[in-house]
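So the protein lines, in turn, are chains C and Y. Our numbering puts the first residue of the first sequence at 1149, with every later residue one more than the last. Our numbering puts the first residue of the second sequence at 4, with every later residue one more than the last. Beta carbons: idealized from backbone N, C-alpha and C, even for Gly. Remember, it's a predicted structure, so these values are computed and weren't measured experimentally.
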Amino acid sequence: MRLAVIVAAVAALGASPAPLSAQEWKPTKPVEFVGAAGPGGGTDIFARAVQLAIQNHKLIDQPILVANKGGGSGAEAFVYVKAATGDPHKLVFGTSNLYTLPMVAKVAFKHTDFLPVAAMVFDEFMLWVKGDAPYSDYKSYTAAAKSANGTYKMAGALSKDTDQTLTRYIEKDTGAKFIYIPYRSGGEASVQLSGGHANSHVNNPSESVGHWKAGQVKPLCVFAKERMPKGAKVTETQGWSDIPTCKEQGAGIEEYQMPRTVSLPPGSPQAAVEFWAGVFKKVSETPEWKEYLERTAQTGRYMAGADLKAFIETDEKRTRKVYEDEGWLVN
Amino acid sequence: MDNLGSLFHGFGVALTWYHVALMLVGVLLGILVGVLPGLGAPNGVTILMPLTFTMDPVSAIILLTSMYWGALFGGSTTSILFNIPGEPSSVATTFDGHPMAKQGQAVEALSFAFLSAGFGALVGVIVITVLSGWVTRFALRFSSPEYFAVYFLAFASFIGLAGANPVKTLVSILLGFAFATVGMDTISGSLRLTFGFDELLRGISFLIVVIGLFGIGELLLTMEEGLKFEGVKAKVSLSGVLATLARLPRYWVALIRGSLVGVWMGITPGGPTAASFMSYGLAKRFSRRRANFGKGEPEGVIAPETADHGAGTAAMLPMLALGIPGSATAAVMMGGLMIWGLNPGPMLFIERPDFVWGLIASMYLGNVVAVVLVLATVPLFAAILRIPFAIIGPVIVVVCFIGAWTVGASKPDLWFAFFFGLVGYVFKKLDYPVAPLVLALVIGDKAEDAFRQSMLMSQGSLRIFYENPLVGTITTLAILLVTWPLWAMLIERVWGVRTARVQPVDLE
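Okay, structure coming up:
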């Protein structure tokens, strides 16, 4: 059955006319996907999902190697790929850390050094509390946090990164104060919440799905413009689409998402950027990709070219403003 | 018993020819990566991972975990024969394993190591089988203060053992802590001690340090001592193995203590390296034969090996049930689980019993396979010892540097390995112990994170380490151990009993 689906998809892909231009670029040696995070995390799974789709549908002729360079919160990967100037066989897989890392740490790269190829997926953020906590929505929880006078603990992954930024947004929105406690990963934060050692966290759905199923944690709302797409039930009674948006519940935060991005080293030919953008476009249409999105409860949104550039510029400016207010900027 | 029924169901899943063949392949590959210093289990599993994408999850995890068992076993072989640990978790095995080999007891040392390791692994799996539900709930009670207390305990049980010169030990520990702080700081999100060098972004990997200190450092010393290889001929005969097996029950205290330490550190998760150090430290402190430690005492091999494997096995439970990996290799495998479409977490046991219990059953079988295979490969590695040093020495250098390269595929790592080789040489010449440095490097940054998280939680009050009975008990134990020499002296004065005073023994 699954084979049949894949065969059909391959046939469909084969039938779509490949754009052939005069100065077409093609990989001529093995390709390296460099993940800007440690093995086993969201970035690693993202890179491997792309690898899987490309391999299954033979979208390129060369083998692909996935390497994780998570040192310095991912700075290692960017430095490594930056050093491969002009070699489009090395691609760096990251998140918004492409442009947020250079703001908070003294690293030897800027986001403008790289040629962004595509953003393929946006990871959602949710407000989670312990499974048996008495809160039912954004308002009731943040009101309780506010009256607790800054003693509520918000667990999160890493410091001065997406989780802590979102925590600041919530504080500004509601006037509540949290003690933010950074852990090495969202998974660790989720275990701390399950054990009752923190009051909440703002994990991505895939980081807490296991604990949600077991009823140890529960999502109050998702920081998105609209609810997540309908899918299978996750717990006995609820699926991802049953989670209200925080905006519905009266939050002043419109949306908060983290893009998963792929970039090429500086000086790569434009033809290579277009080649990879085309490959990733095809990847985003495979059944493997749909399965990946559903499994990790992320929003698939393919973005490339001018759209992507504009998105990065806006998000960079917005984040820079927050970091400036917090005194986190070093560059 | 529910769990036993599930386990038999699991055996049904794991006991197919295909799966047994995968175990054999996995264990053999594991022994290979385990023997090569630097090329450890996490690298091996990462390299093998893409091959498993098309496999059924049960087969995939059996292949990867078998490789892990093989690597854990293989790491001890070179520790004992060459004094070069193949894995960081077998550093503690060199303390007594290599002296045993030097005294012509290589077969005994290897057999003790493998058999006690098998015992530790078995205890680990049994705990997982019987207590999975309870252990998972227990692990959830651990937060940052408890983690810090556990790291403190690991440290306390090892500290003060080097005997020779407390100041030199202190220098070694502090250097280890300093090296551990290099790179990105989790709590503040800033870079520390990188001095603007991109090469230091990643921090200093303890794999590289172990390769340098032990591998390269050891070779430099050997060269100075006249190009004579100190490894000893090891012939494994079945009767030798059986004779060792018969002697094993005599060390039941070390076996049980090692297993408990291992299982505890695997679950909490301190990891196999910290577990083996802690177990060795405790054995040396409380054993009746403690005076012989460091001179080739079998108990000094049994203690760390049992704990190492107990921890390696037990670390699978928090990975499956909570989604927190208890070791670096478990972290890589967890990534694999997500790719195969499984969500690690409490529901995995209920949703995918085939997978979970198939894996647990395969852990029983895989470890038996590993013990047999690793014993079978000993003659092969022992044969290497007959090759003249002028040939094998350079080969080991090459292997060390290949190992250093595979850690992160980065050139500066090679220089670090070389640098730490010189450090190891100088340390040995000046009689500084290197083990405290390795231990501080392995758990230093984790302990620091846990401490600072605790301080954030309590807003700066140290009382958090006595906030509940669990953390209070661990903290008290650790403090008792740190101050043990004082207590020992006191007891001796008052009762006139000869107690656990640690003999000054050189810890290489």
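Query	Result
Residues in its own chain within less than 6 Å of C:V1269 by CB, not counting five upstream and five downstream?	R1408, Q1446 and G1448
Spell out a yes or no on whether the region 6-20 of chain Y and the region 49-58 of chain Y are touching, meaning 3 or more CB-CB pairs, one atom from each, closer than 8 Å.	no
Ignore the nearest five residues each way along the sequence and tell me which others in Y:F430's own chain have a CB closer than 7 Å to its CB.	V437
Decide if C:E1436 is buried, meaning its Cβ has at least 16 other Cβ atoms within 10 Å, or exposed.	buried
Considering C:E1403, what are the terminal residues of the alpha helix (DSSP H) in which it resides?	Per DSSP, C:E1403 belongs to no alpha helix (DSSP H) and is neither H nor E.
Inspect the CB distances between the region 1351-1370 of chain C and the region 1330-1342 of chain C and report whether three or more fall short of 8 Å.	yes
For Y:R531, decide whether its Cβ has a neighbour in chain C, counting only Cβ atoms nearer than 7 Å.	Given a span of 4 to 511 for chain Y in the structure shown, any question on residue 531 of chain Y remains unanswerable.
So for C:F1270, helix, strand or coil by DSSP?	strand
Contact check, Y:A183 vs Y:L442 under 8 Å by CB: the rounded distance?	Y:A183 to Y:L442, Cβ: 10 Å. No contact.
Between Y:A428 and Y:F85, what straight-line distance do the alpha-carbon atoms span, to the nearest angstrom?	Per the sequence shown, residue 428 of chain Y should be read as Tyr rather than Ala. When rounded, the distance between both Cα atoms is 16 Å.
Apart from the five residues just before and just after C:A1201, which ones in its own chain have a Cβ nearer than 7 Å to its Cβ?	V1431, T1434, E1436 and W1437
Starting from C:R1449, follow the beta strand (DSSP E) in both directions and report where the run begins and ends.	T1447 to A1452
Quick check on DSSP: helix, strand or coil for C:T1393?	strand
Look up Y:W137 in the DSSP assignment and say whether it is helix, strand or coil.	helix
What three-state label does DSSP hand Y:E90 in the structure shown?	coil
Using the C-alpha atoms, what's the distance from C:G1218 back to Y:T479?	36 Å
Taking 8 Å as the cut-off, does the region 487-496 of chain Y touch the region 174-188 of chain Y (at least 3 CB pairs, one atom from each stretch)?	no
Going along the chain, which residues of the region 1319-1332 of chain C sit with their C-beta nearer than 7 Å to a C-beta in chain Y?	I1327, I1329, P1330 and R1332
When Cβ atoms are compared, which residues of the region 1337-1361 of chain C fall closer than 9 Å to chain Y?	S1338, V1339, Q1340, S1342, G1343, G1344, H1345, A1346, S1354, E1355, S1356, V1357, G1358, H1359, W1360 and K1361
Just list the alpha helix (DSSP H) runs in the region 332-415 of chain Y, keeping only unbroken ones of 4 residues or longer that don't cross its boundaries, in chain order.	351-354, 356-387 and 392-411
Using 10 angstroms around the beta-carbon of C:Q1210, count the other beta-carbons present and answer buried if the total reaches 16, otherwise exposed.	exposed
When the Cα atoms are used, what is the spatial distance from Y:T197 to Y:D188?	11 Å
Cα-Cα, which of Y:G77, Y:L204 and Y:G396 is closest to Y:V374?	Y:G77
If you measure between the beta carbons of Y:A112 and Y:I83, is that distance less than 7 Å?	yes
For Y:A42 versus Y:G406, is the C-beta spacing smaller than 7 Å?	It is Leu, not Ala, that sits at residue 42 of chain Y in the sequence shown. Yes, the pair counts as a contact, with Cβ atoms nearer than the cut-off.
Going straight from the alpha carbon of Y:G419 to that of Y:L216, what length do you get?	Sequence check: residue 419 of chain Y is Phe here, not Gly. Rounded to the nearest angstrom, the two C-alpha atoms are 10 Å apart.
So, is Y:I394 buried or exposed, given that buried needs 16 or more other C-beta atoms within 10 angstroms?	exposed
What is the rounded straight-line gap between the Cα of C:I1460 and the Cα of C:N1351?	22 Å
Short of 9 Å Cβ to Cβ, which residues in the region 350-366 of chain Y face chain C?	M350, L351, I353 and E354
Compute the distance between the beta-carbons of C:A1184 and C:F1428, then report whether it is under 7 Å.	no
Show which residues of chain C have a CB atom less than 7 Å away from the CB atom of Y:T49.	P1187
Among residues of its own chain, excluding the 5 on either side of C:A1197, which ones have a beta-carbon nearer than 6 Å to its beta-carbon?	Y1440
Using 8 Å as the Cβ pair cut-off and three pairs as the minimum, do the region 310-319 of chain Y and the region 257-265 of chain Y touch?	yes
At a CB-CB cut-off below 9 Å, which residues of chain C make contact with Y:G192?	S1221, V1252, A1253, L1306, S1307, K1308, D1309, Q1312, P1330 and W1476
Determine the closest residue to C:Q1312 out of C:A1281, C:P1330, C:P1187 and C:R1466, with distance taken between C-alpha atoms.	C:P1330
Identify the contact partners of C:R1443 in chain Y, using a Cβ-Cβ distance below 9 Å as the criterion.	M341, G344 and N346
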